Amino acid sequence: MPRKQILALSALLICFQASVNAASITVDGNLADWGLKRNGNANDWTPNPLLVPPNQYKVEDQTGLNTRLFPGWGGQAYDAEAIYTFVDSNSLYIALVTGLSPNTPDNPAANSYGPGDFAIDFGGDGSFEFGVETTGANKGKVYQVVAWDYGLWDTDGEYNPNNPDLAHPTSIKSGTQVGIGQLIYTNSWFTNMGEYIQDKHYVIEAAIPLSVFDGFSGKFDVHWTMNCANDAIWADPILPGTVSEPTSIALLALGLFAMAAKRKPAALLTA
Ligand SMILES: [Ca+2]
Ligand SMILES: [Ca+2]
Ligand SMILES: [Ca+2]
Ligand SMILES: [Ca+2]
Numbered sequence: 001m002p003r004k005q006i007l008a009l010s011a012l013l014i015c016f017q018a019s020v021n022a023a024s025i026t027v028d029g030n031l032a033d034w035g036l037k038r039n040g041n042a043n044d045w046t047p048n049p050l051l052v053p054p055n056q057y058k059v060e061d062q063t064g065l066n067t068r069l070f071p072g073w074g075g076q077a078y079d080a081e082a083i084y085t086f087v088d089s090n091s092l093y094i095a096l097v098t099g100l101s102p103n104t105p106d107n108p109a110a111n112s113y114g115p116g117d118f119a120i121d122f123g124g125d126g127s128f129e130f131g132v133e134t135t136g137a138n139k140g141k142v143y144q145v146v147a148w149d150y151g152l153w154d155t156d157g158e159y160n161p162n163n164p165d166l167a168h169p170t171s172i173k174s175g176t177q178v179g180i181g182q183l184i185y186t187n188s189w190f191t192n193m194g195e196y197i198q199d200k201h202y203v204i205e206a207a208i209p210l211s212v213f214d215g216f217s218g219k220f221d222v223h224w225t226m227n228c229a230n231d232a233i234w235a236d237p238i239l240p241g242t243v244s245e246p247t248s249i250a251l252l253a254l255g256l257f258a259m260a261a262k263r264k265p266a267a268l269l270t271a
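Structure (structure tokens):
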């Protein structure tokens, strides 16, 4: 193939990559890039549909003091309000909005429970294979998880710390680190998101490299709750596993060559 043609094709591919990435997410704790708003309206919670399809997010905004969440109680201070997921060719992106401050201490004696970790279940079979730390020195690290901690509530939603619902893992208990992502849990709260305009919200925004999920593909659950599991929330993105990145680039290159050949057959013959 003539060198000029290779250079032209490379430039075209770089342009294509740039335009794809332009629609992507910046991990900065601001969720405007997800299409979310702070206008004091219920539809502030609705993301950009081109980024997040309806089945890849969940909104459960609650309000009040000591109101029932699910499966436990706690009100706005423990409200898991919304989770959004988005997968591109490189990363899994997660956005979570919660009333739980990242500085909430773990002190069960004082009825205080800190944030849990993201728990990821491939296959939707209730076994959470991966976890992402959301707080502390290991924030953003991804683990293949051997054991989880659990919350205070059983499968009937009754207070039963000795027989917790295993569908709501809280924090990573043990595991092997398989990679590291970017993760921000905002320290300062904001208001005016959704119809309960006085309620305080915090954000966790993360980008996890898909390479950490080597060997796993298909639909999976991304789950989050706090260490009491008073309010759990999850979404179900899909990780394509059959078409690898080099293959799609190769197919794209073939397609571009075909187009170029149709438009300018002479150009391909001259150097
Ligand atoms: Ca952002
Ligand atoms: Ca909720
Ligand atoms: Ca709320
Ligand atoms: Ca699983």
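Numbering-wise (this note's numbering), the sequence shown opens with residue 1 and increments by one. For each residue, glycine too, the CB sits at the ideal point set by N, CA and C. Quick caveat: nothing in here was measured; it's all calculated off a predicted structure.
When only Cα atoms are considered, residue 233 and residue 99 end up about 13 Å apart. Spatial neighbours of residue 90 in its own chain (CB-CB distance under 7 Å, excluding positions within 5 residues in sequence) are listed in chain order as 209, 210. Residue 27 places its beta carbon less than 8 Å from that of residue 184. With 16 or more other CB atoms across the displayed protein chains lying within 10 angstroms of its CB, residue 139 is buried. Listed as beta-bridge partners of residue 168 by DSSP are no residues whatsoever. Scanning its chain for C-beta atoms nearer than 7 Å, with the 5 sequence neighbours on each side dropped, one finds around residue 69 the residues 62, 78, 79, 230, 231, in chain order. Near ligand 3, meaning a beta-carbon closer than 6 Å to one of its heavy atoms, we find 61, 62, 63, 76, 79, 81, 99, 196, 199.
At a threshold of 7 Å, residue 25 counts as near ligand 1, since its beta carbon sits closer than that to one of the ligand's heavy atoms. C-alpha of residue 101 to C-alpha of residue 49: approximately 28 Å in a straight line.
Bridge pairing for residue 184: 205 [DSSP].
Counting along the chain, the unbroken beta strand (DSSP E) around residue 68 starts and ends at 65 to 68. In its chain, beyond the 5 residues on either side, 71, 72, 159, 160, 164, 165, 229 have a beta carbon closer than 7 Å to the beta carbon of residue 153.
Assignment of residue 79 by DSSP, reduced to helix, strand and coil, places it in the coil class. These are the residues, in chain order, with a beta carbon less than 5 Å from any non-hydrogen atom of ligand 4: 121, 122, 123, 125, 127.
Checking the DSSP bridge columns, you'll see residue 147 partnered with 174.
Beta bridge pairing from DSSP links residue 231 with 71.
Measuring C-alpha to C-alpha distances from residue 84 to each of 212, 45, 150, 113 identifies 45 as the nearest. The criterion of a C-beta distance shorter than 8 Å is satisfied by residue 179 and residue 212.
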